[in-house]
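Read the structure below first, then the notes.
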Amino acid sequence: MGTIRLTTAQALVKFLNQQYIHIDGEEFPFVQGIFNIFGHGNILGIGQALEQEAGNLEVIQGKNEQGMSHAAIAYSKQMLRKKIYAVTTSSGPGSANLVTPAATALANNIPVLLLPADTYATRQPDPVLQQVEQEHSMAITTNDALKPVSRYWDRVQRPEQLMTSLIRAFEVMTDPAKAGPATVCISQDVEGEAFDYEEEFFQKRVHYVNRAIPTQRELEGAAEKIKASKKPLIVVGGGVKYSEARETLMTFSETYHIPLVETQAGKSAVECSFKNNLGGLGITGTSAANKAAAEADLVIGIGTRYTDFATSSKTVFDFENAEFLNINVSRMQAYKLDAFQVVADARTALEQLMPLLQDYKSDYGSFIESVKEEWKTERDRLRHISFNRENFDPEIKNHFSQEIMNEYADALNTEFPQTNALLKANEAVDEDAVVVCAAGSLPGDLQRLWETNTPNTYHLEYGYSCMGYEISGTLGVKLAEPDKEVYAVVGDGSFLMLHSELITSLQYNKKINILLFDNAGYGCINNLQMDHGGGSYECEFRTADNQILNIDYAKVAEGYGAKVYKANTEEELEAAINDAKTQSRSTLIEMKVLPKTMTDGSEGSWWNLGVAAVSEKESIREAYSFKEKMLTGAKKY
């Protein structure tokens, strides 16, 4: 076989065009495109290669390295890890901006190819522009910061190294058990160097994703545990979505009368209307799910990492009496909570388990229906919270005095509770619309209150809970779901953190919708400090003379070119959402909502936090004592 002379960057682009993935008999290109911000280190290498011949890659110009990477992550997540975007950045600061998204992808097990430019392999011009220096090693660059947050990391300092590096990177990204960010740092001088690559390297390469099959020992052990239980409970994690196990799981749940509870990643794997779906589990969950968790004598975790929010810091289950059975493609995750491990694909494991369970039925009786109806009543109550200027009692949160609440109502010119706004939005958007969120109090409200009756329409980045993911992620979801309305549900704090890819959505005519909840502060963290005995310190957005900031976010978005609305009542919000559906460009709906009108922690939930052991305030000492009491009942491993 012959060779072809290309630069390292040209070889990279040619290789990306030839990568395919094969899942369940279907085969399609794995790399959809490449996000870029060109600068020192990649413009003359990868930039030149893409300009000369991008092939089938969709090339999208980002506005912030972190933002465009979040868009790439969201695309892969919404596509159930079947397709990816690559991301190329300049060296130094551009590369450093990849650390946060790399960690986000790692925490969520999402494949993305990161291509940060590196310093010179020859070291002759050192220190070059944007290069850091360390006295103890000349080999360290900014990109070393990406090592702990990458599933795979490599540095290419010779053109021929690209071949083994890329093949290894794609092996990792297409492995369900290891999926995560692959970082390939290419020295900027090497990007432009030529090499005689073997033509075979550029032939079509198919990466086969096979469903991991459980062993007979695993199946028999799992069946034995289920048959011995009276009240098993299934925890639905994100792995259920990636396995596309919805129908199998619903059949399994119905056949054996086993309730489902959801993590943030697992929500919308099965629609809310399914009779055995009790909703979110843990701190941001429903009372129905947490009551079922307390009753369970066998917890069946499917595709879940058991984060502290889902487990209420390992207190939501009856650890004295409950056993655990985990089904997960990752052996590490299957070991969580000292469970019996089934290291296998979720759908395959459930399909092969059913013949072994015969006539098994749980002892829940009417319990599932009863607690689900109780939660429905509570959700209806939360739907109609009202603000009273004389006697503020929204029955949600009330750490602020009546005087401060009135101050906010006057400053923001609103009496709109956050829960009312969110639930009205849920009613007004299309049933197949996708909602995107990541951080603050909104994820808790969404997991409890947002009803999803179309699969895979709830997109929460809560593995890392990264502020700033929301709007960037919505662009990525729109790329994955071009025919659906996609909504970023974002607080003012996260909007200020990062909204650069709103401009990218306008530039490329990829319409997204932003539902901006403005309560003039970091409301979630303000609750956190006040819940644990502290005052309201440095979390409200106030001026030097203590005036509440009233920022016109609609005007900001309008300046970018978005269609904007202001909605401080349910009627205005419904009208804005309906009109936004008719628009062809991105929209932003600004809602001024009152602080402390988000939902409170669910019944039976608790979060282990680092409360100060020493304080002059009695309220903080009491919070610490309560924490110590709760720790006595928490599982330690």
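Numbering (this note's numbering), first residue to last: 270 to 906.
Think of the CB as a built atom: it goes at the ideal place given N, C-alpha and C, for glycine as much as any other residue.
With a minimum length of 4 residues, the unbroken runs of alpha helix (DSSP H) contained wholly in the stretch 309-366 fall at 315-321, 334-347 and 362-365. Its chain contains K499, K500, P501, Y525, H526 and I527 as the residues whose beta carbon lies nearer than 7 Å to that of S631, once the 5 sequence neighbours on both sides are disregarded; these appear in chain order. Beta-bridge partners assigned by DSSP to V505: E531 and I571. F593 and A603 have their C-alpha atoms spaced approximately 10 Å apart.
Cα atoms of K352 and L375: separation of roughly 16 Å, rounded to the nearest angstrom.
Under the rule that a run must span 4 or more residues, the alpha helix (DSSP H) segments found entirely inside the stretch 775-807 read 792-800. Three or more Cβ pairs drawn from the stretch 753-767 and the stretch 697-707 lie within less than 8 Å of each other, which places the two stretches in contact.
Pairwise C-beta distances place the stretch 360-369 in contact with the stretch 327-344, as three or more of them are shorter than 8 Å.
By the Cβ-count criterion, M736 is buried, with 16 or more other Cβ atoms from all chains shown falling within 10 Å of its own Cβ.
For the 9 Å CB-CB criterion, A446 and S635 do not form a contact.
Here S456 is buried. Its C-beta has 16 or more other C-beta atoms within 10 Å.
Judged by their CB atoms, K904 and F578 are not nearer to each other than the 9 Å cut-off. About 4 Å separates the Cβ atoms of G713 and T553, confirming a contact at the 8 Å cut-off. DSSP, read as helix, strand or coil, puts R854 in coil. In the DSSP annotation of this structure, the continuous segment of the alpha helix (DSSP H) that includes P712 starts and ends at L711 to L718. Setting aside the 5 residues that flank it on each side, I292 is surrounded in the same chain by K351 and V478, each with a C-beta closer than 7 Å to its C-beta; the list follows chain order. In this structure, the straight-line span from the alpha carbon of N377 to that of L567 is close to 26 Å.
Residues of the same chain with a CB within less than 8 Å of the CB of V640, apart from the 5 flanking positions on each side, are L547, S556, A557, K560 and A561 in chain order. Following the DSSP letters along the chain, one finds V282 inside the alpha helix (DSSP H) bounded by residues T277 to L285. The beta-carbon distance between L818 and K779, rounded to whole angstroms, is 31 Å. This is too long to meet the 8 Å contact definition. Runs of the alpha helix (DSSP H) lying entirely within the stretch 675-706 and spanning at least 4 residues, in chain order: 687-697.
Residue T576 holds the alpha-carbon nearest to the alpha-carbon of G507 among I329, T576, N815 and T773.
Annotation for S456: the continuous beta strand (DSSP E) segment containing it runs P450 to S456. In the DSSP annotation of this structure, the continuous segment of the beta strand (DSSP E) that includes Y466 starts and ends at A463 to E467. Contact annotation: the stretch 409-422 does not touch the stretch 343-350, with fewer than three C-beta pairs closer than 8 Å. Cβ-Cβ distances below 6 Å link N837 to T683, F685 and K861 in the same chain, with the five nearest sequence neighbours on each side left out; the list follows chain order. About 4 Å separates the CB atoms of P428 and T277; that is less than 8 Å, so the two are in contact.
Separation of L691 and M674 (C-alpha to C-alpha, rounded to the nearest whole angstrom) is 20 Å.
One Cα belongs to E402, the other to D465, and the distance between them is close to 33 Å. In this model, N545 and A881 are separated by some 41 Å (Cα to Cα). The alpha carbon of A463 has as its nearest neighbour, out of Q621, I273 and F471, the alpha carbon of I273.
The alpha helix (DSSP H) runs lying completely inside the stretch 724-784 and spanning 4 residues or more are 738-749, 761-766 and 770-776, given in chain order.
Between A355 and L285, the CB-CB gap stays under 9 Å. Of the candidates V612, Q816 and L718, the residue whose Cα lies closest to the Cα of R650 is L718. In this structure, the straight-line span from the alpha carbon of T773 to that of G830 is close to 11 Å. Beyond the five residues adjoining it in sequence on each side, W876 comes within less than 6 Å, by CB distance, of I552 and S582 in the same chain, given in chain order.
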